[in-house]
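Asks: Numbering (full-length UniProt numbering), first residue to last: 1 to 172.
Heads up, the beta-carbon is just placed ideally off N, CA and C, and yes, glycines get one too.
Sharing a structure here in structure tokens format.
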Amino acid sequence: MAALRYLQHYPATLQDKVRALIAQERLGEHLATRYPARHEVQSDKALYAYVAGLKQQHMKNAPGIDKVLYDARLDVLRNALGLHTAVSRVQGGRLKAKKEIRVASLFKAAAPEFLQMIVVHELAHLKEMDHNKAFYQLCTHMLPDYHQLEFDLRVYLTWRELPSNDTTPLQA
Numbered sequence: 001m002a003a004l005r006y007l008q009h010y011p012a013t014l015q016d017k018v019r020a021l022i023a024q025e026r027l028g029e030h031l032a033t034r035y036p037a038r039h040e041v042q043s044d045k046a047l048y049a050y051v052a053g054l055k056q057q058h059m060k061n062a063p064g065i066d067k068v069l070y071d072a073r074l075d076v077l078r079n080a081l082g083l084h085t086a087v088s089r090v091q092g093g094r095l096k097a098k099k100e101i102r103v104a105s106l107f108k109a110a111a112p113e114f115l116q117m118i119v120v121h122e123l124a125h126l127k128e129m130d131h132n133k134a135f136y137q138l139c140t141h142m143l144p145d146y147h148q149l150e151f152d153l154r155v156y157l158t159w160r161e162l163p164s165n166d167t168t169p170l171q172a
């Protein structure tokens with residue numbers, strides 16, 4: 001039985017369903033059926049507007065975001081699909097904190113639901129730094145099907161690493 005590194009913490013029954021789709025060479029087809037579209041947020045400027053819109057809609061009182069961008073250096077090997085940072089600098093007699101959100105570049109070609117899930121995850125870190133119960137409650141407040149999308153995103157990442165993968169499910 002092959003290890004599914006993105007799905008290790010999920011029940012064996014779910015992993016077995018994914019393995020069956022892989023064995024039948026139908027995982028890409030399954031993903032393309034569930035997520036047929038590709039989002040149109042392609043530039044850093046558009047990503048900033050997208051994130052700011054979600055923040056305004058769900059987290060008006062959260063700290064502002066100074067920078068949002070796609071980052072080609074983020075990779076799934078280090079489990080970094082998105083990244084939030086707060087950089088503190090002393091300017092004169094003041095301490096300034098700049099908040100940044102970076103999204104892995106591979107999401108430029110992903111389904112809009114996957115981009116939204118990553119952004120919601122990173123926005124939730126503005127209020128909750130740890131992955132605790134309050135963090136996931138905030139994620140599901142902003143995106144009710146957050147947990148299903150997180151699982152499907154992990155399935156998508158699994159599919160991307162398959163040796164037989166020659167097209168993206170969004171092209172099928």
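1) Can you pull the DSSP bridge partners for A62?
2) Quick check on DSSP: helix, strand or coil for A104?
3) What three-state label does DSSP hand L14 in the structure shown?
4) Quick check on DSSP: helix, strand or coil for Y136?
5) Checking 8 Å against the spacing of the C-beta atoms, do L126 and A62 come in under that value?
6) With the cut-off set at 8 Å, would you say I101 and I65 are in Cβ contact?
7) From K55 to L123, what distance separates their C-alpha atoms?
8) Between the region 104-111 and the region 31-42, are three or more C-beta pairs nearer than 8 Å?
9) Taking Cβ positions, are K98 and K67 nearer each other than 8 Å?
10) R5 and D152: beta carbons closer than 8 Å?
11) Enumerate in chain order the residues of its own chain whose CB-to-CB distance from L47 is below 7 Å, with the five nearest sequence positions on each side excluded.
Replies: Result, derived from the coordinates:
1) DSSP lists no partner for A62.
2) strand
3) helix
4) helix
5) yes
6) yes
7) 7 Å
8) At 8 Å Cβ cutoff, the stretches touch.
9) Contact: yes.
10) no
11) V41, V68, L69, Y70 and V103
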